[in-house]
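First the structure, in the form of structure tokens, and then the observations on it.
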Amino acid sequence: MTNSLKMQDRGRKRIPGMTQLLSKRPDMFSEGVWPGYYSKAKGAEVWDLDNNRYIDMSISGIGANILGYADPDVNEAVISAIQNGSSSSLNSYEEVELADLLCELHPWADMVRFARCGGEAMSVAVRIARAHTGKDKIAFCGYHGWHDWYLSANLNTGNELDNH
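End of the sequence shown sits at 165 in the working numbering; the numbers just go up one at a time, nothing left out.
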């Protein structure tokens, strides 16, 4: 794990927690036994920077990953979207198609609001809940981004916000 450990040392010098995602911090796992960084991933397998192969039975890249890594159908769809231009000053028609599909799948919903990230989605959900209920307290579990309330509630260092 020579290259993997060297990368962790580099990451430690440049990035608080060695990564941007708190729940994937290399120091949360068996440092020197389980790699902190990967070079490739396919199916349920990941390769570290020293080309050691592992079966990923841990957190599967964070979130739902039922297709595994580098699924050929997903890769093909992504490449096609990139080749058609992934961004424009005009709106994407797929946004409307996805909204239609979501409302069809969830008949109780009349409209859809998309967000750019989980933190933004949580902020929208909290605003809607507060407006609807007139209450301020919010119960939460799981990962909700880099909000101060989340960081201070979930880091066990004693100086929760000092390195962030």
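Yeah, the Cβ is synthetic: ideal placement off N, Cα and C, and Gly gets one too.
Taking a contact to mean a Cβ-Cβ separation below 9 Å, would you say residue i touches residue j in this structure?
i    : j    : result
T20  : G33  : no
I139 : V127 : yes
A116 : A122 : yes
K45  : I56  : Residue identity differs from the one stated: residue 45 is Ala in this sequence, not Lys. Their beta carbons are under 9 Å apart, which means A45 touches I56 by this criterion.
P17  : P27  : no
N66  : M2   : no
Is residue i helix, strand or coil by DSSP?
i    : result
Y38  : coil
I80  : helix
K43  : strand
K72  : The sequence as given places Asp at residue 72; Lys does not occur at that position. D72: coil per DSSP, three-state reduction.
I67  : coil
E121 : helix
D137 : coil
Q9   : helix
L162 : Residue confidence for L162 is low, a pLDDT of 49 falling below 50, so the modelled location carries little weight; the figure read from the coordinates is stated next. Residue state, collapsed to three classes: coil.
I129 : helix
N4   : helix
S93  : coil
A100 : helix
M112 : coil
L22  : coil
I16  : coil
E105 : helix
For residue i, write down the residues that DSSP places opposite it in a beta bridge.
i   : result
D49 : Y39
Y55 : V47
Hey, residue i and residue j are a contact pair by Cβ (cut 8 Å); roughly how many whole angstroms apart?
i    : j    : result
N4   : L68  : Contact doesn't hold; Cβ gap of about 28 Å is too wide.
V113 : A100 : 4 Å
| message | Does the segment 96 to 109 come into contact with the segment 70 to 79, if we say contact requires no fewer than three beta-carbon pairs (one atom in each stretch) closer than 8 Å? | response | no
| query | With contact counted as at least three CB pairs below 8 Å, one residue from each stretch, are the segment 36 to 51 and the segment 87 to 99 in contact? | reply | no
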